[in-house]
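Each number in the working numbering corresponds to the 1-based position in the sequence shown with 112 added. In this text, a Cβ means the ideal position worked out from N, Cα and C, and glycines have one as well. In this text the structure is predicted, and so the values were computed from the model without any measurement. Here is the structure we will look at, set down as structure tokens.
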Amino acid sequence: MDSPVALLDIDGTLVDSTYHHAIAWHRAFAAHDVDVPLWRVHRSIGMGGDKLVTEVAGARVEAAHGDALRERWHEEYAALLDDVAPLAGASDLVADLHGRGFHVVLASSGAARFSEHAVDLLGVGDEVAAVTSSDDAEESKPEADILAVALDRVDGQRAVVVGDTPYDVEAASRLGLACVGLLTGGYSRAELEESGAARVVESPADLVGLDWEALVRPARR
Numbered sequence: 113m114d115s116p117v118a119l120l121d122i123d124g125t126l127v128d129s130t131y132h133h134a135i136a137w138h139r140a141f142a143a144h145d146v147d148v149p150l151w152r153v154h155r156s157i158g159m160g161g162d163k164l165v166t167e168v169a170g171a172r173v174e175a176a177h178g179d180a181l182r183e184r185w186h187e188e189y190a191a192l193l194d195d196v197a198p199l200a201g202a203s204d205l206v207a208d209l210h211g212r213g214f215h216v217v218l219a220s221s222g223a224a225r226f227s228e229h230a231v232d233l234l235g236v237g238d239e240v241a242a243v244t245s246s247d248d249a250e251e252s253k254p255e256a257d258i259l260a261v262a263l264d265r266v267d268g269q270r271a272v273v274v275g276d277t278p279y280d281v282e283a284a285s286r287l288g289l290a291c292v293g294l295l296t297g298g299y300s301r302a303e304l305e306e307s308g309a310a311r312v313v314e315s316p317a318d319l320v321g322l323d324w325e326a327l328v329r330p331a332r333r
């Protein structure tokens, strides 16, 4: 039987970067004189930058400043990168899944530079089979493009998703996959469960040693 695949989100799932991203985006909006509340930015973290500007500030701002805002966000987040730390149990989770025979793929639609930094920060380069970034998909989460690309990287047929936002859960459901939700992205247990999360736990540490058998499903392409 083919090896199962664990598709792990990065930001807010393996590294504690959700609020750093929110601040970076907020500063990018402010630099372009776009007044948006920080809480609204946070509520959109988890979808890709191609969708976030419209979600937070509207189509007119996207048309006028979208690319410039994304470039400024990149600069602002890079300045905060040294403050980003692994979440409790994240490295242990990757090692545990790898040791159980999973192909572990970090399925992020973030910038490639930041995905690579997370791998180095976690020290999991030897346990990760592939890493995706925004360069790899036409549509970001909640579309399933990045998950489909991640599966293709390891020729995977059966998988489970781990993420921290309703956008991760929705993306997984588009492929018929179960998503385990973490509270580490700032979304509530109720929100993750209502979006369809198969299970919700507090942090990656709570997933180390989990019996994954009932959560691994064939991917629907």
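Self-check item: Test item: CB-CB of L192 and L126 under 8 Å
Solution: Not a contact, by the Cβ cut-off of 8 Å.
Practice problem: For my contact list, V117 and V217 are in at a C-beta cut-off of 8 Å; report their separation, rounded to the angstrom. | Solution: V117 to V217, Cβ: 6 Å. Contact.
Quiz prompt | Residue from V272, G161, E167, G160 whose Cα sits closest to the Cα of A309 | solution = Nearest Cα to A309 within the set V272, G161, E167, G160: V272.
Quiz item: Taking buried to mean at least 16 other C-beta atoms within 10 Å of its own C-beta, is E167 buried or exposed?
Solution: Residue burial is scored here from C-beta neighbours: E167 has fewer than 16 other C-beta atoms within 10 angstroms and is therefore classed as exposed.
Exercise. Check whether the Cβ atoms of T277 and A262 sit closer than 8 Å, and answer yes or no.
Key: Going by C-beta atoms, T277 is not nearer than 8 Å to A262.
Quiz item: What number of angstroms, rounded off, separates the C-alpha of V328 from the C-alpha of A290?
Solution: In this structure, the straight-line span from the alpha carbon of V328 to that of A290 is close to 7 Å.
Quiz item: Whose C-beta lies closer than 7 Å to the C-beta of L181 among residues of the same chain, with five residues either side of it excluded?
Solution: For L181, where only same-chain residues beyond five positions count, the Cβ hits under 7 Å are A140, F141, H144, V165.
Quiz prompt | N- and C-terminal bounds of the beta strand (DSSP E) containing L294 | solution = Unbroken beta strand (DSSP E) run through L294: 291-294.
Quiz item: Given that a residue counts as buried once 16 or more other Cβ atoms are within 10 Å of its Cβ, and exposed if not, what is E364?
Solution: Residue 364 cannot be examined here, being either before or after the span of the chain that is shown, 113 to 333.
Exercise. Starting from the C-beta of L304, find all residues in its chain whose C-beta is less than 6 Å away, skip the five residues before and the five after it, and write them out in chain order.
Key: Closer than 6 Å at Cβ, skipping near neighbours: G293, V312.
Exercise. Report the residue from E228, D247, S246 whose alpha carbon sits nearest the alpha carbon of D238.
Key: The shortest C-alpha separation from D238 is found at E228.
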